[in-house]
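Residue 312 is where the sequence shown starts when you use the numbering used here, and the numbers rise one by one after that.
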Amino acid sequence: MEPYLCPNCKTNRSRFNIIEQRAKSVKINPKSGEVEVEYTDDNLDVFHTPYNGPAKKIQCGSCGLIENEQSFVAYANHNRLS
Ligand SMILES: [Zn+2]
312 MEPYLCPNCK TNRSRFNIIE QRAKSVKINP KSGEVEVEYT DDNLDVFHTP
362 YNGPAKKIQC GSCGLIENEQ SFVAYANHNR LS
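Dropping the structure here:
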């Protein structure tokens with residue numbers, strides 16, 4: 312972990328919700344919406360782009376802002392505690 316500071320409320324450095332994003336890759340029936348296949352890393356078909364978004368998002372436990380982790384880290388780096 313690195314220090315965080317919320318870029319929105321600019322005061323919260325200690326209370327955060329860490330949202331771990333674990334994608335589930337599926338193939339659904341276009342008509343019914345039923346899941347027909349749940350893919351794993353091993354059987355993902357060649358036409359299916361694997362999830363490439365961030366592994367986690369961070370929510371400020373004070374104002375509720377949800378952003379990528381880097382936003383909180385960068386703001387903390389620019390406003391270090393003395
Ligand atoms: Zn905040």
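The beta-carbon is built from N, C-alpha and C at its ideal position, and this holds for glycine as well.
Asn319 is positioned such that its CB atom lies closer than 8 Å to that of Leu376. A heavy atom of ligand 1 is found nearer than 7 Å to the CB of Asn319. The residues Glu313, Pro314, Tyr315, Leu316 and Arg324, in chain order, have a CB closer than 8 Å to that of Ala387 in the same chain once the five nearest residues on each side in sequence are set aside. Taken in chain order, the whole beta strand (DSSP E) runs of length 3 or more contained in the stretch 343 to 374 are 346 to 349 and 367 to 371.
Rounded to the nearest angstrom, the gap between the Cα atoms of Gln370 and Asn390 is 19 Å.
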